[in-house]
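Engineer: For the sequence shown, position 132 (counting from the first letter as 1) is numbered 528 according to this note's numbering, and the numbering increases by one without interruption.
Quick reminder that beta carbons are idealized off the backbone N, C-alpha and C, glycines included.
Please read all numbers here as calculations on a predicted model, not as lab measurements.
Before anything else, here's the structure in question.
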Amino acid sequence: MSAVLVILQKEWADLRRHRLLMLSMMAPAVVFLLLPFALVILVPLLDPSGWNDRNVQRMAELLGRAEPDLRRMDPLLVFHIYIFRQFTLMFLLIPILGALSIATYSIVGEKQNRTLEPLLATPIRTTELLWGKSLAAALPATLLTWITFGFYVLLMRVLSPAEVLAHVVNPVGLSLIFLIGPLVAILSLGLGVIVSSRAKDPRTAQQIGVLLILPIMALFIMQMRGFFLLRARWVWLGAAVLLALDVIILKIGARLFQRETILTRWT
């Protein structure tokens, strides 16, 4: 454990020195935090009929069937709930992009900077090395997601009626942020380790993130168009699947991350 903590401290010290990497993590968080509030404020002002869009109405009908009390609410408040729930799903991109950026730089970037070889030549075990690098990537990305969600809830409390907050911060939303979020961060860094063990450029390794972003974007679009409504049991089922995938991917990453091979193959 002491070796893992040493690696963790080293990685975080490196992260603090690379402000551009930190900014690249924070930029999506700021966008996903502010964009839904811009939508719920500007759409009714610029286009009073915009919240009567066919897709919005279809989703409102789905919400009304799932939660009958929404039928008695002002349609504009239902529009607020609709938008804020949608962007809660988008918050899952924050741990994916953050963990992947740190993980790929931690391996490929260090190789380019000639700082990985001395670390691989130490007596630290490969599992300890990977644990340290994985925690260094997953923890900041997950904490950033939780902090951003905290501001999200705070702004909803200030700018929206209490009914909106109660219908957004529900079992589905909380499960997405506090259960699915860490699991997708682990999956993202696991895939990052696998690709980084073969890639020579961090940008090449980061392209694997598309595999995780596309399913979330598909869910976002399908919900936006009112095709279905994400339920808590589906989120919990997805968490079980993600947990199994995390275990498999991390084991594959540990097998592929052979320090002798990396030292001799990479040039």
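Anyone know if the C-beta pair for L610 and L626 falls short of 8 Å?
Structural biologist: Counting from 1 along the sequence shown, the entry for residue 610 is found at position 214. Counting from 1 along the sequence shown, the entry for residue 626 is found at position 230. Cβ atoms of L610 and L626: not closer than 8 Å.
Engineer: With a cut-off of 8 Å on the beta carbons, I'd call L396 and L531 a contact; round off their distance for me.
Structural biologist: Here the chain comprises residues numbered 397 to 663, so residue 396 is not present and cannot be evaluated.
Engineer: Using the Cα positions of I612 and L570, report the straight-line distance between them to the nearest angstrom.
Structural biologist: Mapped onto the sequence shown, residue 612 falls at position 216. Mapped onto the sequence shown, residue 570 falls at position 174. Their Cα atoms are separated by approximately 16 Å.
Engineer: Here's the rule I'm using: 16 or more other beta-carbon atoms within 10 Å means buried, otherwise exposed. How should P432 be labelled?
Structural biologist: In the sequence shown, the residue the question calls residue 432 occupies position 36. Its Cβ being crowded by 16 or more others within 10 Å, P432 is buried.
Engineer: What is the DSSP secondary structure of I520, counted as helix, strand or coil?
Structural biologist: As a working mapping, residue 520 is identified with position 124 in the sequence shown. Three-state DSSP puts I520 in coil, outside helix and strand.
Engineer: For I363, is the classification buried or exposed, using 16 other Cβ atoms within 10 angstroms of its Cβ as the cut-off for buried?
Structural biologist: This structure does not reach residue 363, given that the chain is present from 397 up to 663, and the question cannot be answered.
Engineer: What is the rounded straight-line gap between the Cα of D642 and the Cα of G649?
Structural biologist: In the sequence shown, the residue the question calls residue 642 occupies position 246. In the sequence shown, the residue the question calls residue 649 occupies position 253. In a straight line, the C-alpha of D642 is about 10 Å away from that of G649.
Engineer: For P424, which residues of its own chain have a beta-carbon under 7 Å away from its beta-carbon, when the five flanking residues on both sides are left out?
Structural biologist: Here the question's residue 424 lines up with position 28 in the sequence shown. Contacts found: L489, I490, L493.
Engineer: Between Q619, L551, L550, R629, which has its C-alpha nearest V568's C-alpha?
Structural biologist: By one-based count along the sequence shown, residue 568 stands at place 172. Comparing Cα-Cα distances from V568 to each of Q619, L551, L550, R629, the minimum goes to R629.
Engineer: Looking at C-alpha atoms only, which residue of L496, V426, A635 is the closest neighbour of A533?
Structural biologist: Position 137 of the sequence shown, counting from 1, holds the residue named residue 533. Looking at the Cα atoms, L496 is the closest of the given residues.
Engineer: Any idea what DSSP makes of P557, helix, strand or coil?
Structural biologist: Residue mapping note: residue 557 aligns to position 161 of the sequence shown, counting from 1. Coil at P557, not helix or strand.
Engineer: Using CA atoms only, rank isn't needed, just tell me which of H414, M418, R413, Y501 is closest to P536.
Structural biologist: For this step, residue 536 is matched to residue 140 along the sequence shown. Measuring from the Cα of P536, the nearest candidate turns out to be M418.
Engineer: Taking buried to mean at least 16 other C-beta atoms within 10 Å of its own C-beta, is R481 buried or exposed?
Structural biologist: The residue labelled residue 481 in the question sits at position 85 within the sequence shown. By the 10 Å Cβ count, R481 comes out buried.
Engineer: If distances are taken between C-alpha atoms only, which option among F483, L401, L466 comes closest to A562?
Structural biologist: Position 166 of the sequence shown, counted from the first residue, corresponds to residue 562. Here the closest residue by C-alpha is L466.
Engineer: Tell me whether I573 is buried or exposed, calling it buried when 16 or more other Cβ atoms sit within 10 Å of its Cβ.
Structural biologist: The residue labelled residue 573 in the question sits at position 177 within the sequence shown. Result: buried.
Engineer: In whole angstroms, what is the alpha-carbon distance linking L652 and V580?
Structural biologist: Within the sequence shown, the letter at position 256 stands for residue 652. Within the sequence shown, the letter at position 184 stands for residue 580. So the two alpha carbons sit approximately 20 Å from each other.
Engineer: Between L638, L575, V564, V606, which has its C-alpha nearest L667's C-alpha?
Structural biologist: The question about residue 667 has no answer here: the residues shown for the chain are numbered 397 through 663.
Engineer: Closest to V427 by C-alpha separation, out of Y548, M620, L526, A558, would be which residue?
Structural biologist: Residue 427 sits at position 31 when you count from the first residue of the sequence shown. Minimum Cα distance to V427 is reached at Y548.
Engineer: State yes or no: is the C-beta of T484 within less than 8 Å of the C-beta of V560?
Structural biologist: Taking the sequence shown and counting its residues from 1, the one referred to as residue 484 is at position 88. Taking the sequence shown and counting its residues from 1, the one referred to as residue 560 is at position 164. No, the pair does not count as a contact, with Cβ atoms beyond the cut-off.
Engineer: Helix, strand or coil for M469, going by three-state DSSP, please let me know.
Structural biologist: On the sequence shown, position 73 is the one that residue 469 refers to. Coil.
Engineer: Measure the beta-carbon distance from A635 to L575 and round it to whole angstroms, keeping in mind my assumption that it falls under 8 Å.
Structural biologist: Indexing the sequence shown from 1 puts residue 635 at position 239. Indexing the sequence shown from 1 puts residue 575 at position 179. Right, the Cβ-Cβ distance comes to about 5 Å (below 8 Å), so this counts as a contact.
Engineer: Could you tell me the boundaries of the alpha helix (DSSP H) in which Q619 lies?
Structural biologist: If you number the sequence shown from 1, residue 619 lands on position 223. Looking at the DSSP string, the run of the alpha helix (DSSP H) that includes Q619 is 606–620.
Engineer: Counting along the chain, where does the alpha helix (DSSP H) carrying V637 start and finish?
Structural biologist: Here residue 637 is taken as the residue at index 241 of the sequence shown, counted from 1. Looking at the DSSP string, the run of the alpha helix (DSSP H) that includes V637 is 628–652.
Engineer: In whole angstroms, what separates the C-alpha of L429 from that of G528?
Structural biologist: As a working mapping, residue 429 is identified with position 33 in the sequence shown. As a working mapping, residue 528 is identified with position 132 in the sequence shown. Roughly 30 Å separates the two Cα atoms.
Engineer: Rounded to whole angstroms, what's the CA-CA distance from N566 to L646? Just pull it up for me.
Structural biologist: Within the sequence shown, numbered from 1, the residue matching residue 566 stands at position 170. Within the sequence shown, numbered from 1, the residue matching residue 646 stands at position 250. For N566 and L646, the distance between alpha carbons rounds to 31 Å.
Engineer: Buried or exposed for V554, please, with buried defined as at least 16 other CB atoms from any protein chain shown within 10 angstroms of its CB.
Structural biologist: As a first step, residue 554 must be located in the sequence shown, where it is residue number 158. Classification of V554: exposed, given that the 10 Å Cβ count is below 16.
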